[in-house]
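Chains as they are written, first to last, in numbering that gives the first Met the number 0: chain A, 0 to 178; chain B, 0 to 101.
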Amino acid sequence: MPLIGALPQPITSAPLVILIYVVLVLMVASALATVFLRSTVFATGAFAATMVLVALLYLTIAPFLLFAVQLLVFTTVSAALLVGVLRRTTGLDSTQEPFSREWIIGAAVAAAVLALLVVIVASTSWPLRPSVNTGAGLGGTLTNTYVVGLGVLVVLLASAALGSGLLLAASTLHRPRGR
Amino acid sequence: MNAGLNLVLAASAALFAVGAFAVVARRSVVLMLIGTQFMFMAGSIAFVAFARFGFGAVNATAGAAVAIFAGATAVAELAVGLAMAALIYREHRSLAIDADRG
Chain A
0 MPLIGALPQP
10 ITSAPLVILI
20 YVVLVLMVAS
30 ALATVFLRST
40 VFATGAFAAT
50 MVLVALLYLT
60 IAPFLLFAVQ
70 LLVFTTVSAA
80 LLVGVLRRTT
90 GLDSTQEPFS
100 REWIIGAAVA
110 AAVLALLVVI
120 VASTSWPLRP
130 SVNTGAGLGG
140 TLTNTYVVGL
150 GVLVVLLASA
160 ALGSGLLLAA
170 STLHRPRGR
Chain B
0 MNAGLNLVLA
10 ASAALFAVGA
20 FAVVARRSVV
30 LMLIGTQFMF
40 MAGSIAFVAF
50 ARFGFGAVNA
60 TAGAAVAIFA
70 GATAVAELAV
80 GLAMAALIYR
90 EHRSLAIDAD
100 RG
């Protein structure tokens, strides 16, 4: 199998670097907005924006097919599912008080996780080696190298679609006996 | 000024932390599910970054393939989770995770 000639290098093209920085900052900001907005409708919009920004990040560092799948499939399906549930419910505004006990615990957990990940990223010297170019694109990799995984994924998605349909078709939750 | 592995991994870590915060702090089922989506996305971004910048994958497109698997799994999880959220709402007229505590 032919090797790519050089080791993977950081991106140094100024416009692309600026674009990546802007996309990453906006991505984290819109994720924070999703979590902190009180209206679930606005939170869903911010979530969709985060998904679009992740797709833009993929456009800069990943094969085009991943960008297309992220933008056209994952973003659309996730937003449609969320909007569908919000249309079936009316509990759109959060009744949870900001800076409640849960928020403090959540902030502590998130800070601990972030600190751990940042320490690991900063203190580790990741080994570099050339990637192998098999000549096949992402589509070829999925259908040749990971064909079993793709099959499992199809079964998983079909099961999820069937399961969620059955759940929604159920008239009510099953209660334990004696209640 | 350049953009490399550590930059993308740091953003991925931040996204994962935001997702963890949503899962722990928010009581709305919808927002908790969105938090898990963020955690899935953070993992996908890390895989893509490693394949693009760092530890060479066996195959140059392996990171993107894993990202597709993770994204599809996240969508499946969201579908089932939202169906359960709709059931909870039907029972308790609330999307709060502790709506059945009385």
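Ideal Cβ positions, reconstructed from N, Cα and C, are used throughout, including at glycine.
Predicted model, so just to flag it, every value in this text is computed and none were measured.
Query: Residues that DSSP places opposite residue 10 (chain A) in a beta bridge; Result: B:2
Query: Where residue 61 (chain A) sits in the DSSP three-state scheme; Result: coil
Query: Endpoints, the alpha helix (DSSP H) within which residue 44 (chain B) is located; Result: 28 to 52
Query: Residue environment, residue 39 (chain A), which counts as buried when at least 16 other CB atoms sit within 10 Å; Result: buried
Query: Closest by C-alpha distance to residue 61 (chain B), when choosing among B:71, B:46, B:30, B:73; Result: B:46
Query: Buried or exposed (CB count within 10 angstroms, at least 16 for buried), residue 69 (chain A); Result: buried
Query: Close-in-space but distant-in-sequence residues of the same chain around residue 19 (chain B) (CB under 6 Å, 5 per side omitted); Result: none
Query: At least 3 beta-carbon pairs within less than 8 Å: the segment 66 to 74 of chain B vs the segment 82 to 95 of chain B; Result: no
Query: Under 9 Å from the C-beta of residue 81 (chain A): neighbouring residues of chain B; Result: 29, 32, 33, 77, 81
Query: Short CB-CB distance (under 8 Å) between residue 9 (chain A) and chain B; Result: yes
Query: Positions along the segment 63 to 74 of chain A whose CB lies within less than 7 Å of some CB in chain B; Result: 65, 68, 69, 73
Query: CB contact check: residue 101 (chain B) to chain A, cutoff 8 Å; Result: Low confidence applies to residue 101 (chain B): its pLDDT is 48, below 50, so where it sits in the model is not reliable, and the reading given next is rough at best. Not an interface residue.
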